[in-house]
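*Asks:* So that we are looking at the same thing, I have put the structure below in structure tokens.
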Ligand SMILES: C[S@@+](CC[C@H](N)C(=O)[O-])C[C@H]1O[C@@H](n2cnc3c(N)ncnc32)[C@H](O)[C@@H]1O
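In the working numbering, the protein residues as written are 320 to 591.
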């Protein structure tokens, strides 16, 4: 196995020294972009490699293991390919070895949480952000997972994101990812129940599935600012009309499907 540690240029020597203290030599360093460095350490024993990566992550490093030979390397390279969203946005794991120097609006993700932009339910909401964010919006990212949607919103010009998830590990991953991308001043991540959140959001994105959308519909309606829009996903195309019913008096703006997944966009009428 290979332990890969993603770092900034100024951190490389410290990481190599730390790996040395842990008994591993890591002379190989790659630069997949101007600002990203990857430190590689080959470890013969798979269990030892995992243990090392876990220990480094506990110290705050962006460390993962990857196979060092055979067909699993091809699978790893495919899994870590940057994901492009048109010509304005791309998402990539920090430890990706693919060249990403020219990628537009790059968001890097570290370990933990759910969602790297690849899943159709996530993609459908990224598409909505790309088409509808014009700049300065206050955004609620319900079921933030890794924070990927909120971070995309900030990259596209949103002024502030409140990212909410049931799972503390998702909230921690979102905060780490916001910091990784220099967006921590604009992203607040919390496990607070939606009922305790105040404010009016111009944009709400919620890739949480039918049951959670239906259950939280009254809160979503309450939190949407006049003139704002709410996009939900994690539902199937036939579930759109049922979900739209629970979201009334918000009015349906659009439904979009990708295979067996769908996103529904509803809007809040502008109050007189
Ligand atoms: C499918 S993931 C979506 C992650 C990411 N937003 C994306 O689009 O890739 C769903 C996330 O919603 C969270 N979740 C599910 N029900 C929720 C609820 N009622 N309140 C807050 N978070 C919820 C889960 O813990 C999980 O992290």
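From the three backbone atoms N, C-alpha and C, an ideal C-beta is built for every residue, glycine too.
Since residue 412 sits in a beta bridge, which residues does DSSP pair it with?
*Replies:* 428, per the DSSP bridge assignment.
*Asks:* Can you tell me the Cα-Cα spacing of residue 323 and residue 404, whole angstroms?
*Replies:* Taking the straight line joining both Cα atoms gives about 26 Å.
*Asks:* Run through the segment 431 to 519 for me and flag every whole alpha helix (DSSP H) of 4 or more residues, listed as ranges in chain order.
*Replies:* If we require 4 residues or more, the alpha helix (DSSP H) runs fully inside the segment 431 to 519 come out as 439 to 451, 467 to 474, 487 to 499.
*Asks:* Quick one: residues in its chain with C-beta nearer than 6 Å to the C-beta of residue 406, no 5 flanking neighbours on either side, listed in chain order?
*Replies:* Counting only Cβ-Cβ distances below 6 Å, and skipping sequence neighbours, we find 423.
*Asks:* Which of the three DSSP states, helix, strand or coil, is assigned to residue 527?
*Replies:* Note: residue 527 maps to coil in three-state DSSP.
*Asks:* Name the one or two DSSP bridge partners that residue 549 has.
*Replies:* Residue 549 pairs with 523, 585.
*Asks:* Compute the distance between the beta-carbons of residue 510 and residue 485, then report whether it is under 8 Å.
*Replies:* A contact, by the Cβ cut-off of 8 Å.
*Asks:* Just the C-alpha distance for residue 531 and residue 576, rounded to the nearest angstrom, thanks.
*Replies:* Taking the straight line joining both Cα atoms gives about 19 Å.
*Asks:* Quick one: Cα of residue 564 to Cα of residue 529, how far?
*Replies:* Approximately 12 Å between the Cα atoms of the pair.
*Asks:* Would the C-beta of residue 398 count as close to ligand 1, meaning under 7 Å from any of its heavy atoms?
*Replies:* No, since every heavy atom of ligand 1 falls outside the 7 Å radius drawn around the Cβ of residue 398.
*Asks:* What span of residues does the alpha helix (DSSP H) with residue 336 cover, start to end?
*Replies:* Taken as a continuous stretch (DSSP letters only), the alpha helix (DSSP H) holding residue 336 covers 331 to 340.
*Asks:* When DSSP builds the beta bridges, which residues end up paired with residue 535?
*Replies:* None, per the DSSP bridge assignment.
*Asks:* Measure how close the beta-carbons of residue 496 and residue 429 come, nearest whole angstrom, since I'm counting them as under 8 Å.
*Replies:* About 6 Å separates the two Cβ atoms, so the contact holds.
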